[in-house]
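First the structure, in the form of structure tokens, and then the observations on it.
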Amino acid sequence: MMTVAPGIEVLARFGRALADPIRCRLLLALREAPAYPSDLADALGISRTRLSNHLACLRDCGLVVTVPDGRRTRYELADERLGDALDNLRTAVVAVETERTCADAATEGCC
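Numbering (the working numbering), first residue to last: 352 to 462.
Right, dumping it as structure tokens:
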């Protein structure tokens, strides 16, 4: 059963999904057009097993859905407005201290 997540939960789910570069690339690929897992794995240059784990995360976050297509399953964004949100995030200006990066998060508590 599908439900609609409240606003703060939507942001948290989006943040979790965007926390990994592969998931970001997947979302951007699906922003362009729905796709099959094998095509996505080839386009991103990753194994199907690794892709499957990332697609499961994106499904759990509620950002992508599966669409049965005969004997295959196609993936697409759960809501077309997510594509606009991705575009807005990609073009947003963020203020970053040059001495720190998000890579410091594990040791320095950044991000």
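Glycine included, C-beta positions come from ideal geometry on N, C-alpha and C.
Which of the three DSSP states, helix, strand or coil, is assigned to residue i?
| i | result |
| --- | --- |
| residue 425 | strand |
| residue 419 | strand |
| residue 446 | coil |
| residue 466 | With the chain represented from 352 up to 462, any question about residue 466 goes unanswered, as that position is not in the structure. |
| residue 386 | strand |
| residue 359 | helix |
| residue 414 | coil |
| residue 430 | coil |
| residue 370 | coil |
| residue 403 | helix |
Taking the Cβ atom as the reference point for each residue, do residue i and residue j lie within a distance shorter than 9 Å?
| i | j | result |
| --- | --- | --- |
| residue 415 | residue 377 | yes |
| residue 380 | residue 395 | yes |
| residue 409 | residue 441 | no |
| residue 361 | residue 385 | no |
| residue 405 | residue 430 | no |
| residue 421 | residue 428 | no |
| residue 389 | residue 399 | yes |
| residue 365 | residue 443 | no |
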